[in-house]
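Asks: To start, I am sharing the structure in question, which I have written as structure tokens.
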Amino acid sequence: MLLWDVTNYRTVAHYAYSMLHHLHNPDSFSWGCVIRFLSQKGLFTEAVSLYVEMSRMRLYPTSHAISSALKSCARIQNVLGGVSIHGQVHVFGFDTCVYVQTALLDLYSKMGDMRTARHVFDEMAERSVVSWNSLLSGYLKAGNLDEAQDFFGQIPNKDVISWNSMVSGYAKAGNMDQACTLFQLMPERNLTSWNAMITGFIDCGSIVSARELFDSMSRRNCVSWITMIAGYSKGGDVDSARKLFDQMDHKDLLSYNAMIACCAQNSKPKEALELFNDMLKPNIYIHPDKMTFASVISACSQLGDLEHWSWIESRMNDFGIVLDDHLATALIDLYAKCGSIGMAYELFHSLRKRDLVAYSAMIYGCGINGKASDAIKLFEQMLAECIIPNLVTYTGLLTAYNHAGLVEKGYQCFNSMKNYGLVPSIDHYGIMVDLLGRAGYLDEAYKLITNMPMQPNAGVWGALLLACRLHNNVDLGEIAVQHCIKLESDTTGYCSLLSSIYATVGKWDDSKKMRTGVEAKEIIRVPGCSWTTNLTSP
DNA sequence: CATCCCCATC
């Protein structure tokens with residue numbers, strides 16, 4: 001009973017564990033209670049390992065223990081554990097227990113093995129609506145909408161969860177018309193039904209419809225708020241996300257994680273760190289988890305100095321957060337962006353499994369640190385491991401070619417993106433313009449800009465302007481600066497650049513005109529490329 | 001008293 005009051009999950013597991021071992025001879029009923037308790041608290045790994053320990057003692061598991069253990073295996077995708085418990089289900093004679101059989105079919109349904117799930121379902125002597133719902137969610141997850149619809153029609157006593165599954169299935173498939181129809185038809189709706197509709201609208205890009213639905217709700221829970229915040233985050237609308245977040249009455253861990261991630265993903269690293277600071281204040285105090293730190297590390301890497309990180313690192317130690325591959329990958333990015341390429345490499349080699357994100361972070365790190373040949377080597381290694389590159393990988397690779405001044409290779413690389421079905425983003429164009437321009441191919445760079453499939457931004461024009469300054473090209477410089485001024489409110493840097501071009505080619509009057517009221521020093525940044533350049537007027 | 005639906009990761 002004391003257990004339910006403990007909010008720190010690690011402590012909960014510890015308590016449960018020690019209580020069990022304080023009993024002289026815990027019977028299988030006690031074991032079952034603790035396993036069920038852990039599973040309900042979301043401590044699935046702990047629940048499974050406790051079940052394994054109980055099995056080793058040759059205790060006869062209760063139906064509670066076995067169904068909770070199966071649920072835990074399903075949640076953490078523990079195939080091996082799930083299948084071995086399946087074997088025990090027969091051994092201990094739970095073939096007719098509806099709870100155990102349902103947990104079993106749900107396990108296979110969650111693993112995506114619909115044949116076995118269906119087999120378990122067909123063999124069941126007794127089925128509850130939960131059994132039907134488990135199989136239904138499996139069909140929906142597999143994208144089998146027709147089969148799901150058909151199966152849904154056969155459910156004898158549909159409850160709100162059956163309806164919710166169908167609504168969310170159609171919403172996830174992008175079929176909002178059908179989702180709306182079902183939502184209208186539902187005999188009763190709970191918060192999950194409304195939240196599924198919000199998710200659907202956001203996924204198909206209708207944030208306005210999502211907000212209308214959200215505003216029309218008479219009651220909302222954390223999931224409703226978090227879904228909206230994440231939706232605004234995806235659309236880059238940090239202000240709207242923050243407004244909602246500030247209106248929340250009871251902010252939990254996930255709300256903070258969503259808002260911190262929103263800031264970290266939308267280039268607001270300072271705000272992300274401020275929020276992290278807020279959640280640790282004694283009057284709020286919310287215990288951060290690995291996901292909090294994943295975003296916080298990303299925020300640190302955007303700030304580009306290791307000072308913030310050393311503070312974060314000690315907080316991580318305070319909370320007993322252990323580095324996993326995800327966090328280590330975020331750290332690789334941090335170290336690389338701060339110039340500690342050796343530390344980045346060390347972490348990279350310590351990873352259990354190097355995935356697309358890890359490779360991309362490392363390639364980018366080599367790129368911005370002038371290690372072009374390392375970046376290329378990593379890229380080839382990645383391809384050899386059959387990992388398909390994405391847009392981020394190419395940002396790193398093109399950055400590497402850019403730093404090395406390898407124009408031809410860089411151009412080939414840019415053109416090879418389509419071989420992987422990738423369409424270059426505006427950042428990739430920005431790097432290419434910079435690469436061509438620095439090498440003196442100003443006309444080619446200008447041609448690339450005019451042929452871009454999207455509207456060029458200030459970064460792209462800025463890169464051309466910078467190249468014009470390097471090679472003192474007045475005509476293109478004037479064009480570039482006009483576009484920059486149109487696109488950016490702070491234009492002092494652009495103007496001083498053009499002014500210095502005029503000065504170099506002897507157009508002193510024009511130079512003077514540009515320079516009036518202009519600060520001598522400015523920083524121009526090319527997006528997708530991490531270098532910054534200090535420029536001084538003559 | 002268990003089992004199913006909605007939210008967050010570089």
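Letter by letter, the first sequence follows residues 1 to 538 of my numbering.
Just so you know, even glycine gets a beta-carbon here, dropped at the ideal spot from N, CA and C.
(1) Between the beta-carbon of Y502 and the beta-carbon of S511, is there less than 8 angstroms?
(2) I think I35 touches A74, with their Cβ atoms under 8 angstroms apart; what is that distance to the nearest whole Å?
(3) Which whole-angstrom value describes the C-beta separation of S416 and L391, a residue pair presumed to lie in contact below a C-beta threshold of 8 angstroms?
(4) What's the C-alpha gap between K513 and T450?
(5) Please report the straight-line C-alpha distance between R438 and A480, rounded to a whole angstrom.
(6) Do F293 and I332 have their C-beta atoms within less than 8 angstroms of each other?
(7) Looking at L378 and G410, is the spacing between their C-beta atoms short of 8 angstroms?
(8) If you scan the segment 401–475 from start to end, which runs of the alpha helix (DSSP H) of 4 or more residues do you find wholly inside it?
(9) Quick one: Cα of G517 to Cα of Y494, how far?
(10) Find out if the Cβ-Cβ distance for the pair A264, A258 is shorter than 8 angstroms.
(11) Considering only the beta carbon of each residue, do L213 and W194 sit closer than 8 angstroms?
(12) Rounded to whole angstroms, what is the Cα-Cα separation between G370 and Y345?
(13) Can you say whether M197 is buried or exposed, counting buried as having 16 or more other CB atoms within 10 angstroms of its CB?
(14) My guess is that S68 and A47 are in contact by the Cβ rule of under 8 angstroms, so how many angstroms apart are they, rounded?
(15) Only counting the same chain, and skipping five residues up and downstream in sequence, which positions put a Cβ closer than 8 angstroms to that of V244?
(16) Using 8 angstroms as the threshold, is the C-beta distance between L442 and W461 below it?
(17) By the three-class DSSP mapping on this structure, what secondary structure does F94 have?
(18) Tell me whether the segment 276–287 and the segment 303–311 touch, counting them as touching only if at least three CB pairs, one residue from each stretch, are closer than 8 angstroms.
(19) Using only the alpha-carbon positions, how far apart do G242 and I286 sit?
(20) Out of curiosity, what's the CA-to-CA distance linking E147 and A358?
(21) Find out if the Cβ-Cβ distance for the pair L327, I297 is shorter than 8 angstroms.
(22) Specify, as a first and last residue, the run of the alpha helix (DSSP H) that G385 falls within.
(23) Excluding sequence positions up to five away, which residues of its chain have a Cβ less than 7 angstroms from the Cβ of A404?
(24) Give the DSSP-derived three-state secondary structure of R195 in the structure shown.
(25) By the three-class DSSP mapping on this structure, what secondary structure does N369 have?
(26) In the structure shown, what three-state DSSP assignment does K158 receive?
(27) Just tell me which of G169, Y364 and C413 has its CA closest to the CA of L334.
(28) Taking Cβ positions, are L476 and I431 nearer each other than 8 angstroms?
(29) Is F276 helix, strand or coil by DSSP?
(30) Looking only at its chain, what residues have a beta carbon closer than 6 angstroms to the beta carbon of K71, apart from the 5 residues adjacent to it on each side?
(31) Buried or exposed, going by whether 16 or more other CB atoms sit within 10 Å of the CB of I284?
(32) Can the beta-carbon of N190 be found less than 8 angstroms from the beta-carbon of V160?
(33) Do L59 and S84 have their beta-carbon atoms positioned less than 8 angstroms apart in this structure?
(34) Does DSSP put Q77 in a helix, in a strand, or in coil?
(35) G87 to N266, Cα distance in whole Å?
(36) Using CA coordinates, which residue listed in T491, D490 and L498 is at the minimum distance from N473?
Replies: Short version:
(1) Mapped onto the first sequence, residue 502 falls at position 502. Mapped onto the first sequence, residue 511 falls at position 511. In this structure, Y502 sits near S511, with a CB-CB distance shorter than 8 angstroms.
(2) For the purposes of this step, residue 35 is taken as the residue at position 35 of the first sequence. For the purposes of this step, residue 74 is taken as the residue at position 74 of the first sequence. Not confirmed; about 14 angstroms, so no contact.
(3) Locating residue 416 in the first sequence gives position 416, where the first residue counts as 1. Locating residue 391 in the first sequence gives position 391, where the first residue counts as 1. Actually they are not in contact, since the Cβ atoms of S416 and L391 sit about 13 angstroms apart, beyond 8 angstroms.
(4) By one-based count along the first sequence, residue 513 stands at place 513. By one-based count along the first sequence, residue 450 stands at place 450. Each residue's Cα considered, the two are about 28 angstroms apart.
(5) Sequence index remark: in the first sequence, residue 438 carries index 438 (1-based). Sequence index remark: in the first sequence, residue 480 carries index 480 (1-based). Going by the C-alpha atoms only, they are around 15 angstroms apart.
(6) Numbered from its first residue, the first sequence carries residue 293 at position 293. Numbered from its first residue, the first sequence carries residue 332 at position 332. Not in contact: F293 and I332 (Cβ atoms no closer than 8 angstroms).
(7) Locating residue 410 in the first sequence gives position 410, counting from the first residue. Locating residue 378 in the first sequence gives position 378, counting from the first residue. No, they are not a contact pair.
(8) As far as the segment 401–475 is concerned, its whole alpha helix (DSSP H) runs of at least 4 residues are 407–416, 426–438, 442–450 and 458–471.
(9) Taking the first sequence and counting its residues from 1, the one referred to as residue 517 is at position 517. Taking the first sequence and counting its residues from 1, the one referred to as residue 494 is at position 494. Because G517 carries a pLDDT of 48, less than 50, the predicted location of this residue cannot be relied on, and the following value inherits that uncertainty. In a straight line, the C-alpha of G517 is about 13 angstroms away from that of Y494.
(10) As a working note, residue 264 is residue 264 in the first sequence. As a working note, residue 258 is residue 258 in the first sequence. No, they are not a contact pair.
(11) Position 213 of the first sequence holds residue 213. Position 194 of the first sequence holds residue 194. Yes, they are a contact pair.
(12) Here residue 370 is taken as the residue at index 370 of the first sequence, counted from 1. Here residue 345 is taken as the residue at index 345 of the first sequence, counted from 1. Taking the straight line joining both Cα atoms gives about 14 angstroms.
(13) The count along the first sequence starts at 1 and reaches residue 197 at position 197. Counting Cβ neighbours within 10 Å, M197 comes out buried, since at least 16 surround it.
(14) Taking the first sequence and counting its residues from 1, the one referred to as residue 68 is at position 68. Taking the first sequence and counting its residues from 1, the one referred to as residue 47 is at position 47. That pair is a contact at about 6 angstroms.
(15) Numbered from 1 along the first sequence, position 244 holds the residue referred to as residue 244. Correcting the residue type first, residue 244 is Leu in the shown sequence and not Val. For L244, the CB contacts under 8 angstroms within the same chain, skipping 5 residues up- and downstream, are W225, M228, I229 and Y232 in chain order.
(16) Numbered from 1 along the first sequence, position 442 holds the residue referred to as residue 442. Numbered from 1 along the first sequence, position 461 holds the residue referred to as residue 461. Cβ distance not < 8 angstroms, so L442 and W461 don't count as in contact.
(17) As a working mapping, residue 94 is identified with position 94 in the first sequence. In this structure, F94 counts as coil in the three-state DSSP scheme.
(18) no
(19) Sequence index remark: in the first sequence, residue 242 carries index 242 (1-based). Sequence index remark: in the first sequence, residue 286 carries index 286 (1-based). Correcting the residue identity first, residue 242 is Arg in this sequence and not Gly. In a straight line, the C-alpha of R242 is about 18 angstroms away from that of I286.
(20) Here residue 147 corresponds to residue number 147 of the first sequence, with the count starting at 1. Here residue 358 corresponds to residue number 358 of the first sequence, with the count starting at 1. In a straight line, the C-alpha of E147 is about 38 angstroms away from that of A358.
(21) Within the first sequence, numbered from 1, the residue matching residue 327 stands at position 327. Within the first sequence, numbered from 1, the residue matching residue 297 stands at position 297. Cβ distance < 8 angstroms, so L327 and I297 count as in contact.
(22) To locate residue 385, count along the first sequence from 1; it is residue 385. It is worth fixing the name first, because residue 385 is Glu in this sequence and not Gly. Neither: E385 is in no alpha helix (DSSP H) and is coded neither H nor E.
(23) Here residue 404 refers to the residue found at position 404 of the first sequence. If we look at A404 and ignore the five residues flanking it on each side, its Cβ neighbours are A372.
(24) Along the first sequence, one-based indexing puts residue 195 at 195. In the sequence as presented, Arg is not what sits at residue 195; that position holds Asn. In the structure shown, N195 sits in a helix (DSSP, three-state: H, G or I).
(25) For the purposes of this step, residue 369 is taken as the residue at position 369 of the first sequence. DSSP places N369 in coil when its eight states are reduced to three.
(26) For the purposes of this step, residue 158 is taken as the residue at position 158 of the first sequence. Correct three-state label for K158: coil.
(27) By 1-based counting over the first sequence, the position of residue 334 is 334. If we check each option's Cα against that of L334, Y364 comes out closest.
(28) Translated into the one-based positions of the first sequence, residue 476 becomes position 476. Translated into the one-based positions of the first sequence, residue 431 becomes position 431. No, the Cβ-Cβ distance between L476 and I431 is not below 8 angstroms.
(29) Looking up residue 276 in the first sequence gives position 276. Of the three classes helix, strand and coil, the one that applies to F276 here is helix, per DSSP.
(30) Translated into the one-based positions of the first sequence, residue 71 becomes position 71. Result list for K71: S39 and A103, in chain order.
(31) In the first sequence, residue 284 corresponds to position 284, counting from 1. Exposed, because fewer than 16 other Cβ atoms sit within 10 Å of the Cβ of I284.
(32) Taking the first sequence and counting its residues from 1, one reaches residue 190 at position 190. Taking the first sequence and counting its residues from 1, one reaches residue 160 at position 160. In contact: N190 and V160 (Cβ atoms closer than 8 angstroms).
(33) Counting from 1 along the first sequence, the entry for residue 84 is found at position 84. Counting from 1 along the first sequence, the entry for residue 59 is found at position 59. Contact flag unset, no.
(34) The residue given as residue 77 occupies position 77 in the first sequence. Q77 falls in the coil class under three-state DSSP.
(35) Here residue 87 refers to the residue found at position 87 of the first sequence. Here residue 266 refers to the residue found at position 266 of the first sequence. Between G87 and N266, the C-alpha separation is close to 49 angstroms.
(36) Here residue 473 refers to the residue found at position 473 when the first sequence is read from its first residue. The candidate whose alpha carbon is nearest that of N473 is L498.
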